[in-house]
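A.B. asks:
Numbering (this note's numbering), first residue to last: 3 to 224.
1. Would you give the residue range spanned by the beta strand (DSSP E) that residue 188 belongs to?
2. Is DSSP giving residue 211 helix, strand or coil here?
3. Look up residue 167 in the DSSP assignment and give the residues it is bridged to.
4. From residue 28 to residue 51, what distance separates their C-alpha atoms?
5. Hey, quick one: how far does the beta strand (DSSP E) through residue 56 stretch, first residue to last?
6. At 4 residues or longer, what runs of the alpha helix (DSSP H) sit wholly inside the segment 30-100?
7. Mapping the DSSP letters down to three states, classify residue 21 as helix, strand or coil.
8. If you draw a straight line from the C-alpha of residue 65 to the C-alpha of residue 72, how long is it?
9. Indicate the three-state DSSP secondary structure (helix, strand or coil) for residue 184 in the structure shown.
10. DSSP has residue 135 in a bridge; who is on the other side?
11. Identify whether residue 153 lies in helix, strand or coil by the three-state DSSP scheme.
12. Let me confirm a value: residue 113 is counted as buried when at least 16 other C-beta atoms fall within 10 Å, else exposed. Which label applies?
13. May I ask you to verify whether the segment 129-144 touches the segment 77-97, counting CB pairs closer than 8 Å and requiring at least 3?
14. Between the alpha carbons of residue 45 and residue 30, how many angstroms are there, rounded?
15. Give a yes or no on whether the C-beta atoms belonging to residue 195 and residue 47 are separated by under 8 Å.
16. Out of 176, 180, 181, which has the shortest C-alpha to C-alpha gap to residue 2?
17. Mind reading off the beta-carbon distance from residue 96 to residue 183? Whole number of angstroms is fine, and I expect it under 8 Å.
18. Considering Cα atoms alone, identify which of 90, 36, 180, 106 is closest to residue 130.
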């Protein structure tokens with residue numbers, strides 16, 4: 003009976019907290035490169051001119067990265083026009099293949115909860131949007147996503163709160179191939195993610211539980 007109790011203790015330790023990347027940064031203008039420090043080790047809603055949303059806490063163990071997958075290494079900031087979203091990241095070079103947002107935990111795991119996707123131009127079909135872990139394993143993938151035009155004043159939301167996508171590091175990847183001059187029209191916003199203590203595999207929990215039993219028996223013999 004001790005093993006299930008021990009497992010329950012480890013499960014209870016996996017409490018999550020969450021930060022929301024709203025891309026609200028003081029004095030950042032349209033087209034500016036997104037600072038790579040934005041989203042790193044967040045412990046407050048305002049940190050050095052960087053502003054965040056919060057849900058259930060912060061993420062001091064997680065760092066963020068923003069990577070262009072074409073001719074430009076970084077992604078860009080834009081304030082409005084992506085549907086009804088305000089302050090987004092996008093990839094300015096036209097016709098380039100895509101961009102990705104990375105979230106990496108140092109000693110814990112990342113839990114991706116949700117994010118929004120907006121469009122600056124007319125309705126388009128995004129070839130693929132995926133979330134992969136640091137080893138390239140696919141956690142989520144959707145093809146041929148119809149993204150409403152900016153005139154509809156709406157956006158798409160991807161919600162994983164019922165079962166957060168979890169890994170020590172993960173990447174939101176937008177495949178912009180085929181969009182040509184519209185490739186810079188895909189903007190991400192409100193990326194909500196948390197951190198949690200890694201829960202040991204069942205085999206590890208069993209070994210730890212057995213170790214605890216043996217230790218108790220040894221003490222009793224003394």
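Note that CB positions come from ideal geometry on N, CA and C, so glycine has one too.
C.D. replies: From the atom records:
1. Start at 1 with the first residue of the chain shown, and residue 188 comes out as number 186. From DSSP, the beta strand (DSSP E) with residue 188 extends over 188-198.
2. Residue numbering aside, residue 211 sits at position 209 when the chain shown is read from its first letter. Legend: pLDDT at residue 211 = 47, less than 50; position of this residue unreliable, no value from coordinates given.
3. Reading the chain shown from its first residue, position 165 is the one you call residue 167. Residue 167 is bridged to 114.
4. Reading the chain shown from its first residue, position 26 is the one you call residue 28. Reading the chain shown from its first residue, position 49 is the one you call residue 51. The straight-line gap from Cα to Cα measures roughly 5 Å.
5. Counting from 1 along the chain shown, the entry for residue 56 is found at position 54. It spans 52-57 - the beta strand (DSSP E) in which residue 56 sits, taken as one unbroken run.
6. none
7. Within the chain shown, the letter at position 19 stands for residue 21. Three-state result, residue 21: strand.
8. On the chain shown, residue 65 is found 63 positions in, with the first residue counted as 1. On the chain shown, residue 72 is found 70 positions in, with the first residue counted as 1. Roughly 22 Å separates the two Cα atoms.
9. Position 182 of the chain shown, counted from the start, is the residue given in the question as residue 184. The answer is helix: DSSP assigns residue 184 an H, G or I state.
10. As a first step, residue 135 is located in the chain shown; it is residue number 133 there, counting from the start. In the DSSP output, where bridge partners are listed per residue, residue 135 has 172.
11. Taking the chain shown and counting its residues from 1, one reaches residue 153 at position 151. Residue state, collapsed to three classes: helix.
12. Sequence index remark: in the chain shown, residue 113 carries index 111 (1-based). Answer is buried; the Cβ neighbour count reaches 16.
13. no
14. Numbered from 1 along the chain shown, position 43 holds the residue referred to as residue 45. Numbered from 1 along the chain shown, position 28 holds the residue referred to as residue 30. Spanning the two alpha carbons is a distance of roughly 21 Å.
15. As a working mapping, residue 195 is identified with position 193 in the chain shown. As a working mapping, residue 47 is identified with position 45 in the chain shown. Going by C-beta atoms, residue 195 is not nearer than 8 Å to residue 47.
16. Since the displayed the chain opens at 3 and closes at 224, residue 2 lies outside it and no answer follows.
17. Taking the first residue of the chain shown as position 1, residue 96 is located at position 94. Taking the first residue of the chain shown as position 1, residue 183 is located at position 181. Contact flag correct, Cβ pair sits at about 5 Å.
18. Here the question's residue 130 lines up with position 128 in the chain shown. Comparing Cα-Cα distances from residue 130 to each of 90, 36, 180, 106, the minimum goes to 180.
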